[in-house]
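Residue numbers (the working numbering): 177 to 303. Even glycine gets a Cβ: it sits at the ideal position worked out from N, Cα and C. From a predicted model like this one, the values you see are computed outputs, not experimental measurements. Comments concern the structure below.
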Amino acid sequence: VFNIGADTPYNINRLAKEISNAMGEPDHPFKYEPARLEVVNAVASHEKVRRIFAPPETVDLITGLERTVEWYNVVGASFTPVEFESVEVIDKMPPSWIRPGLAERPVCQGTRVGESSLHNPSGTFRG
177 VFNIGADTPY NINRLAKEIS NAMGEPDHPF KYEPARLEVV NAVASHEKVR RIFAPPETVD
237 LITGLERTVE WYNVVGASFT PVEFESVEVI DKMPPSWIRP GLAERPVCQG TRVGESSLHN
297 PSGTFRG
């Protein structure tokens, strides 16, 4: 098992600020959701993955964000989000992810792109 993260840890405030800078947007405060029982400080070691896989050189956060913005401006701006018609568990989902019509089912059924559905009556994905 490899738990891979950044060599340099960043908190969410710093990450939000750097994303705003990369996008050329003003930094703005964001709403914090109620605290959850999650790890407060997680630091990943890459010693094992480097020893076994010899991965390519890393990219620092600022360079990675700049590349992401370049890609987004060329390709990503035309991306249409895909929404699932259902999820396995709605409880504890972030409020911004919950929308009218989102169903809770034991197995996710299909996806929606705009208003079209990509599932057949048996509920299996056909995309």
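Open item on the list: If the criterion is Cβ atoms closer than 8 Å, does the pair C284 and E259 meet it?
Closed with: Position 108 of the sequence shown, counted from the start, is the residue given in the question as residue 284. Position 83 of the sequence shown, counted from the start, is the residue given in the question as residue 259. It is not a contact, given that the beta carbons lie outside the stated cut-off.
TODO: In angstroms with no decimal places, state the Cα-to-Cα distance between V245 and A211.
DONE: Within the sequence shown, the letter at position 69 stands for residue 245. Within the sequence shown, the letter at position 35 stands for residue 211. If I take the Cα positions, the gap works out to 30 Å.
- [ ] Count the C-beta pairs between the stretch 234-248 and the stretch 206-221 that are closer than 8 Å, then say yes if the count reaches three, no if not.
- [x] The stretch 234-248 is not in contact with the stretch 206-221.
Task: Sequence-distant residues of its chain with Cβ nearer than 7 Å to I238 (five each side left out) - done: Here residue 238 is taken as the residue at index 62 of the sequence shown, counted from 1. Taken in chain order, the residues that qualify are E194.
Task: Beta carbon of A279 nearer than 8 Å to that of S262 - done: Indexing the sequence shown from 1 puts residue 279 at position 103. Indexing the sequence shown from 1 puts residue 262 at position 86. Against a cut-off of 8 Å, the Cβ pair of S262 and A279 comes out as a contact.
Task: Cα-Cα separation between T184 and R275, rounded to whole angstroms - done: The residue given as residue 184 occupies position 8 in the sequence shown. The residue given as residue 275 occupies position 99 in the sequence shown. The straight-line gap from Cα to Cα measures roughly 35 Å.
- [ ] Apply the 10 Å Cβ neighbour rule to A230 and answer buried if 16 or more other Cβ atoms are within range, or exposed otherwise.
- [x] By 1-based counting over the sequence shown, the position of residue 230 is 54. Residue environment: A230 is assigned as exposed (fewer than 16 neighbouring CB atoms within 10 Å of its CB, all protein chains considered).
TODO: Excluding the 5 residues preceding and the 5 following D203 in the sequence, name in chain order all residues of the same chain whose CB lies nearer than 6 Å to its CB.
DONE: Stepping through the sequence shown from its first residue, residue 203 is reached at position 27. Within the same chain, D203 has close Cβ partners K193, S196.
Task: Contacting residues, own chain, Cβ-Cβ under 7 Å from V225 (five flanking each side not counted) - done: By 1-based counting over the sequence shown, the position of residue 225 is 49. Once the five neighbours on either side are set aside, the close Cβ partners of V225 are F178, I180, P231.
TODO: On the DSSP bridge assignment, give the partners of S262 in chain order.
DONE: Taking the sequence shown and counting its residues from 1, the one referred to as residue 262 is at position 86. As DSSP reads the structure, S262 sits in a beta bridge with A279.
TODO: Determine the extent of the alpha helix (DSSP H) in which W247 is found, giving its start and end residues.
DONE: Within the sequence shown, numbered from 1, the residue matching residue 247 stands at position 71. Unbroken alpha helix (DSSP H) run through W247: 237-250.
Task: L213 (DSSP reduced to helix, strand or coil) - done: On the sequence shown, residue 213 is found 37 positions in, with the first residue counted as 1. Here L213 sits in coil by DSSP.
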